[in-house]
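The structure appears right after this line, and notes come after that.
There are 2 protein chains.
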Amino acid sequence: MPANLPPPDAVARVRRFNRAITRAVGALNTSFLDRGRPLGAARVLNAIGQGRSDLGEIRAYLGLDSGLMSRLLRGLEAEGLVATAADAQDSRRRVVHLTPAGAAEFAEYERLSDAQAAGILATHPDPGALLAAMDLIGSALGRDRITLEVCDPRSPEALRCLQAYYAELAARLPHSFDVSLSCDPQAEAMMAPRGAFLVAMSDGLPLGCVGLKGTDAGYAEIKRLWVAPAARGLGLARRLMDGAEAAAQGLGIALLRLDTNSALPEAIALYRATGWTEIARFNDDPYPDVFFEKRLAQA
Amino acid sequence: MPANLPPPDAVARVRRFNRAITRAVGALNTSFLDRGRPLGAARVLNAIGQGRSDLGEIRAYLGLDSGLMSRLLRGLEAEGLVATAADAQDSRRRVVHLTPAGAAEFAEYERLSDAQAAGILATHPDPGALLAAMDLIGSALGRDRITLEVCDPRSPEALRCLQAYYAELAARLPHSFDVSLSCDPQAEAMMAPRGAFLVAMSDGLPLGCVGLKGTDAGYAEIKRLWVAPAARGLGLARRLMDGAEAAAQGLGIALLRLDTNSALPEAIALYRATGWTEIARFNDDPYPDVFFEKRLAQA
DNA sequence: TATTTTACCTGACTTATGTCAGATGAACTC
DNA sequence: GAGTTCATCTGACATAAGTCAGGTAAAATA
């Protein structure tokens with residue numbers, strides 16, 4: 001990809017964007033205050049509502065001092081929104097959960113956030129373009145917060161990726177693409193202990209995936225490598241492949257294979273650059289026309 | 001324009017964007033704190049550095065209480081960064097300006113901001129796409145902060161707009177477009193008292209323009225109506241036209257005319273929707289092929 | 001000229017947030 | 001089982017930010 005030179009007013013435009021979002025974030029935050037709770041307490045309630053229960057984890061996530069965390073939590077307890085208990089395994093740790101009243105309050109914050117988001121979309125003439133721009137910027141700003149997670153290939157996050165993957169294949173391959181023809185995986189082959197399915201998550205949004213599919217033929221296959229358009233160029237495909245290889249090593253797999261199509265040159269370039277060697281066709285699948293193999297060092 | 005239905009995960013994507021920018025704004029703000037001054041004081045210093053000198057104006061701009069403002073100012077004075085004096089006309093008011101030390105400190109904040117902006121651009125594989133996305137979002141979030149300003153048509157803001165306008169005409173008109181052929185305006189005809197040139201500004205970025213060009217033939221012409229691609233659909237063209245008509249009324253002009261090209265259907269639709277009537281060709285310009293007129297109520 | 005309004009200042013508060021030095025009790029290590 | 005490490009809590013303190021009730025002097029108004 002050629003390095004596009006930024007235009008001369010580039011810095012001014014980024015700074016104008018910064019001013020606009022600073023103002024927008026201020027508005028977002030003050031709207032939370034309308035529920036009569038300081039922002040810190042609202043953030044803790046939100047973290048618990050998202051399913052975080054370990055106190056230390058919440059503290060790390062929000063970047064709070066232990067004393068401050070303790071006080072905020074006591075405040076929420078006094079309001080009757082959360083309840084804490086000692087961890088069953090390690091009674092130094094505390095676990096927190098929402099009471100029914102807390103769950104209702106959390107739902108109210110969620111409703112507020114959803115309404116705000118919908119409001120931004122509703123006033124714009126082209127929500128699709130706005131969303132694409134938001135995805136692009138969200139990925140750029142949050143690139144070092146993208147995490148790889150092991151998922152069930154039937155989970156909603158995985159399905160979102162796979163759907164986009166199939167749609168893109170259909171658009172890019174010369175003949176129309178029908179997933180049922182393509183040696184469709186049993187989900188179990190892409191789950192421990194036979195394989196794995198990794199999804200790259202950025203703040204709850206799935207941005208890419210890769211499948212490691214165990215076979216009975218002495219090797220595992222890499223399948224369904226995909227990166228969202230908004231996140232391309234950030235090195236995510238490589239991270240996903242590294243993650244898949246690490247998962248394979250963890251499962252004691254020594255040999256990987258994959259098939260791909262010559263209509264996907266970026267993927268092929270990546271494979272060549274990361275130690276894969278082209279081999280002869282190893283299956284009868286009609287769509288792939290290029291085949292690779294990589295031998296892994298034993299863990 | 002068809003109303004694009006947003007995809008089902010639209011709200012989740014907006015909220016993910018919100019989380020990403022909230023985090024980015026936090027990082028931006030904490031970096032300002034590295035200069036050892038609380039955010040409030042830094043914001044006041046910044047407002048003064050931007051050229052605001054009237055104390056009340058700064059207070060309104062930053063949304064500060066008068067007591068708080070006063071205290072922040074005393075702090076900056078104690079640091080030797082600003083100096084205040086009574087206003088010459090109305091000695092209840094105070095005017096503030098930077099001392100040399102204050103100017104140096106302000107420049108340092110500017111350098112920090114520029115470096116941050118450049119840093120965001122530098123790490124992205126496609127700065128052009130990132131900037132386009134930022135412009136789009138900046139315009140969407142700041143749409144109610146877009147102001148119309150009367151400018152000299154030779155000012156840098158005006159020239160940025162005109163350059164983009166000519167580039168777009170060249171791209172959209174079937175024959176190549178040469179500005180020298182097109183009855184190029186004397187700047188004076190687009191300035192008071194003969195006419196006006198309006199620029200739509202959003203946080204320092206020009207997003208659109210329109211010229212009101214006086215003639216000696218008993219009417220004024222609307223020229224060079226342009227809106228930046230990132231700001232289209234927000235009703236800006238209409239605001240610019242309204243502004244131009246108001247300026248005409250202020251100058252005692254009773255009749256407006258304009259010429260345009262059938263390759264610009266959005267513009268023509270706007271004219272038809274806002275009280276313009278199509279008339280016969282009234283000049284020999286080679287590019288326009290559609291002509292309009294509008295009679296104004298006297299102010 | 002007397003009264004009211006305006007722009008700013010001052011002092012006394014409150015709240016949110018953050019920091020730090022122990023205290024407590026549980027878990028781990030030798 | 002004694003010492004150490006760890007997670008959390010508590011109290012004391014600091015700072016940033018905001019609010020509010022007067023106070024002062026100049027300007028506007030009657």
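In order, the protein sequence lines correspond to chains A and B.
For the first sequence, UniProt numbering gives the first residue as 1, with consecutive numbering after it.
For the second sequence, UniProt numbering gives the first residue as 1, with consecutive numbering after it.
Note that the Cβ used here is the ideal one computed from N, Cα and C, for glycine as well.
To the nearest angstrom, report how far apart residue i and residue j are at their CA atoms.
i, j, result
"residue 300 of chain B", "residue 126 of chain A", "Past the boundaries of the shown model lies residue 300 of chain B; chain B is included only from 1 to 299, so the question cannot be answered."
"residue 143 of chain B", "residue 274 of chain A", "46 Å"
"residue 63 of chain A", "residue 54 of chain A", "14 Å"
"residue 182 of chain B", "residue 285 of chain B", "Here residue 182 of chain B scores only 48 on pLDDT, less than 50, and its place in the model should not be relied on; the value that follows carries that caveat. Taking the straight line joining both Cα atoms gives about 6 Å."
"residue 193 of chain B", "residue 252 of chain B", "10 Å"
"residue 188 of chain A", "residue 43 of chain B", "57 Å"
"residue 23 of chain B", "residue 141 of chain A", "9 Å"
"residue 202 of chain B", "residue 237 of chain B", "14 Å"
"residue 9 of chain A", "residue 12 of chain B", "32 Å"
"residue 7 of chain B", "residue 138 of chain B", "22 Å"
"residue 78 of chain A", "residue 70 of chain A", "12 Å"
"residue 227 of chain B", "residue 209 of chain B", "7 Å"
"residue 282 of chain A", "residue 256 of chain A", "12 Å"
"residue 298 of chain B", "residue 133 of chain A", "44 Å"
"residue 279 of chain A", "residue 290 of chain A", "8 Å"
"residue 186 of chain B", "residue 276 of chain B", "25 Å"
"residue 234 of chain B", "residue 123 of chain A", "9 Å"
"residue 90 of chain A", "residue 112 of chain A", "37 Å"
"residue 59 of chain B", "residue 65 of chain B", "7 Å"
"residue 2 of chain B", "residue 231 of chain B", "Confidence at residue 2 of chain B is low in this model, with a pLDDT of 44, below 50, so the placement of that residue should be treated as unreliable; the coordinate-derived value is given next. One C-alpha to the other measures close to 17 Å."
"residue 294 of chain A", "residue 158 of chain A", "25 Å"
"residue 217 of chain A", "residue 167 of chain A", "30 Å"
"residue 18 of chain B", "residue 195 of chain B", "43 Å"
"residue 92 of chain A", "residue 56 of chain A", "11 Å"
Beta carbon of residue i, beta carbon of residue j: below 8 Å?
i, j, result
"residue 220 of chain B", "residue 248 of chain B", "yes"
"residue 204 of chain A", "residue 16 of chain B", "yes"
"residue 207 of chain A", "residue 148 of chain A", "no"
"residue 261 of chain B", "residue 173 of chain B", "yes"
"residue 353 of chain A", "residue 67 of chain A", "There is simply no residue 353 of chain A to check, as chain A begins at 1 and stops at 299 in what is shown."
"residue 245 of chain A", "residue 162 of chain A", "no"
"residue 165 of chain B", "residue 224 of chain B", "yes"
"residue 190 of chain A", "residue 153 of chain A", "yes"
"residue 27 of chain A", "residue 76 of chain A", "no"
If residue i and residue j are in contact, beta carbons under 8 Å, what's the gap, nearest whole angstrom?
i, j, result
"residue 94 of chain A", "residue 86 of chain A", "6 Å"
"residue 259 of chain A", "residue 288 of chain A", "3 Å"
"residue 264 of chain A", "residue 200 of chain A", "About 18 Å separates the two Cβ atoms, so there is no contact after all."
"residue 146 of chain A", "residue 96 of chain A", "Rounded, the Cβ-Cβ distance is 27 Å, inconsistent with contact."
"residue 35 of chain B", "residue 108 of chain B", "7 Å"
"residue 130 of chain B", "residue 121 of chain B", "7 Å"
"residue 105 of chain A", "residue 45 of chain A", "7 Å"
"residue 14 of chain B", "residue 21 of chain A", "No, residue 14 of chain B and residue 21 of chain A are not in contact; Cβ-Cβ is about 13 Å, not under 8 Å."
Between residue i and the ligand ATP, is the CB less than 7 Å from at least one heavy atom?
i, result
"residue 229 of chain A", "For the structure depicted, the ligand ATP is absent and the ligand set is empty, with no information on it obtainable."
| request: Spell out a yes or no on whether the region 200–215 of chain A and the region 114–121 of chain B are touching, meaning 3 or more CB-CB pairs, one atom from each, closer than 8 Å. | output: Result no; under three Cβ-Cβ pairs closer than 8 Å.
| field | Contact list for the UniProt domain "N-acetyltransferase" (157–297) of chain A against chain B, Cβ threshold 8 Å | value | 160, 202, 203, 204, 205, 232, 233 and 234
| query | Going along the chain, which residues of the region 129–161 of chain A sit with their C-beta nearer than 9 Å to a C-beta in chain B? | reply | 129, 130, 131, 132, 133, 134, 135, 136, 137, 138, 139, 140, 141, 142, 143, 145 and 160
| task | Quick one: which residues of the region 95–122 of chain B get their C-beta closer than 7 Å to a C-beta of chain A? List them in chain order. | result | 113, 114, 117, 118, 120 and 121
| the region 34–50 of chain A: which residues have C-beta closer than 8 Å to a C-beta of chain B, in chain order? | Those residues of the region 34–50 of chain A that come within reach of chain B (Cβ to Cβ, closer than 8 Å) do not exist; the list is empty.
| field | Under 8 Å (Cβ pairs) to chain A, residues found in the region 49–70 of chain B | value | Per Cβ criterion, the list is empty.
| said: Under 8 Å, CB to CB, which of the residues in the region 12–27 of chain B have a partner in chain A? | reply: Hits within the stretch, in order: 12, 13, 14, 15, 16, 17, 18, 19, 20, 21, 22, 23, 24 and 25.
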